[in-house]
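Enquirer:
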Amino acid sequence: MQITVMRGISRRIAHVAAALRRYVPSQCAVCRAWPAARICADCVARFAVQRHRCMTCAMPIAPGIAQCGECVLRPPALDRCVAVLDYAYPWAGVIAQFKFTADPGWSAPLARLMLQDPSARQLLADADLVLPIALSRERLAERGFNQALLLARHLAPPHALHARLLVRTRHAPPQRGLARKERLRNLRSAFLVDPRQQPLLAGKNVLLIDDVMTTGATLQSAAHALRAAGAGAVRALVLARTQ
0 MQITVMRGIS RRIAHVAAAL RRYVPSQCAV CRAWPAARIC ADCVARFAVQ RHRCMTCAMP
60 IAPGIAQCGE CVLRPPALDR CVAVLDYAYP WAGVIAQFKF TADPGWSAPL ARLMLQDPSA
120 RQLLADADLV LPIALSRERL AERGFNQALL LARHLAPPHA LHARLLVRTR HAPPQRGLAR
180 KERLRNLRSA FLVDPRQQPL LAGKNVLLID DVMTTGATLQ SAAHALRAAG AGAVRALVLA
240 RTQ
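Using numbering that gives the first Met the number 0, you'd call the opening residue of the sequence shown number 0 and step up by one each time.
And the structure:
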C-alpha cells in the first residue's frame with residue numbers, strides 16, 4: 000500500500016515538473032544548448048532526417064519503391080504506415096526518458112516533431128477516427144500514463160480522438176528482444192473494440208497512434224481487431240521505427 004502511494008506521489012510530482020518546464024528556460028536534451036527548447040532547432044535539423052519508407056510497414060527502402068518485399072509477399076493489415084524518425088540516437092534516449100522516467104512533458108515537443116512530417120499531417124487530415132494504442136492495466140499502473148494517448152491528444156482534433164474505443168484485453172510480457180513471430184504469438188487477440196462504440200467504426204478511416212514500432216506486431220494485432228469490427232481502412236502513425 001505504501002509503495003503504491005509513493006508511486007502515485009512520484010507521478011504527480013513528475014506531472015507538475017513537466018508543466019513547469021513549459022514556462023522556464025531549459026536545455027536542449029541532445030546538445031545541451033541553453034536556453035533552448037527541449038530539442039533545439041539545430042538538433043531537429045541534424046537528426047530528424049526524413050527517409051523514404053515502405054508505405055505499409057515504414058521500413059526504410061530505396062527511393063522509387065512503394066513497398067518492401069516482405070509487405071508485397073505478405074500484405075499487412077495496415078493500409079498505410081508512417082514513421083517520422085529512426086529509433087536511433089538521439090531519439091531512442093529521448094523516448095526512453097518519455098516512457099520510463101515519468102516525464103510526460105515530452106509529449107508536446109515530440110508531437111510537434113511528428114507534425115513537421117507532411118505525410119503525418121496528411122494521415123491526420125484524412126482520418127475519421129484517431130485511436131491511441133491501448134496499454135494493459137498492469138502497464139498503465141506501472142508507467143502512470145499511456146504515451147500513445149498523450150501524443151494523440153496533441154495530434155488529433157478532440158472530435159476525432161477516441162481513447163477508449165480500442166481496448167487491450169490482456170497483459171502481454173515485455174516484447175523487447177523477441178522476434179516478430181514471438182511478438183505476434185504474444186499479442187494474438189490482445190485487442191478488441193468496445194461493443195458500445197463499435198457502430199462508430201462502420202466504414203471509417205481509422206488512424207492508430209503509437210510511439211515506437213519494432214516488428215509491427217502490436218499495430219497488426221490492433222488493425223485486425225478494427226477490421227473485424229467494421230473499419231473501412233486502418234492506417235498508423237508512429238513517432239519512431241526500429242531498423
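Backbone N, C-alpha and C define an ideal beta-carbon position, used for all residues, glycine too.
Quick one: Cα of P59 to Cα of R31, how far?
Expert: Distance between the alpha carbons of P59 and R31 is about 29 Å.
Enquirer: What did DSSP end up calling R138 once you bin it into helix, strand or coil?
Expert: Three-state DSSP puts R138 in a helix.
Enquirer: May I ask you to verify whether the segment 106-114 touches the segment 214-232, counting CB pairs closer than 8 Å and requiring at least 3?
Expert: Short answer: they don't touch.
Enquirer: Is L128 helix, strand or coil when you go by DSSP?
Expert: Three-state DSSP puts L128 in a strand.
Enquirer: What first and last residue would you give for the alpha helix (DSSP H) that runs through I245?
Expert: Any answer about residue 245 is impossible in this case: the structure gives the chain only from 0 up to 242.
Enquirer: Hey, F246 and P89 are a contact pair by Cβ (cut 8 Å); roughly how many whole angstroms apart?
Expert: Missing from the structure shown is residue 246; the chain here goes from 0 to 242 and no further.
Enquirer: Ends of the beta strand (DSSP E) at M212?
Expert: That run of the beta strand (DSSP E) goes 204-212.
Enquirer: Measuring only the C-alpha atoms, how far is P194 from C27?
Expert: Cα to Cα, the separation comes out at about 45 Å.
Enquirer: Can you check which of these residues, S220, A40, Q196, is closest to Q115 by C-alpha distance?
Expert: That would be A40, whose Cα lies nearest to the Cα of Q115.
Enquirer: With a Cβ-Cβ cutoff of 8 Å, do T55 and L77 count as a contact?
Expert: Yes, Cβ-Cβ distance for T55 and L77 is below 8 Å.
Enquirer: Taking the Cβ atom as the reference point for each residue, do A133 and F97 lie within a distance shorter than 8 Å?
Expert: No, the pair does not count as a contact, with Cβ atoms beyond the cut-off.
Enquirer: If we ignore side chains and look at the alpha-carbon of each, how far apart do L238 and V83 end up?
Expert: If you take the alpha carbons of L238 and V83, they lie about 5 Å apart.
Enquirer: Please report the straight-line C-alpha distance between A36 and D127, rounded to a whole angstrom.
Expert: Computed Cα separation, rounded: 32 Å.
Enquirer: Run through DSSP, which three-state label would R45 get?
Expert: Of the three classes helix, strand and coil, the one that applies to R45 here is helix, per DSSP.
Enquirer: Report the option in A230, P74, S220, S25 whose CA atom is closest to the CA atom of T168.
Expert: Minimum Cα distance to T168 is reached at S220.
Enquirer: Leaving out five residues on either side along the sequence, give the residues of the same chain with a beta carbon under 6 Å from the beta carbon of G202.
Expert: G231.
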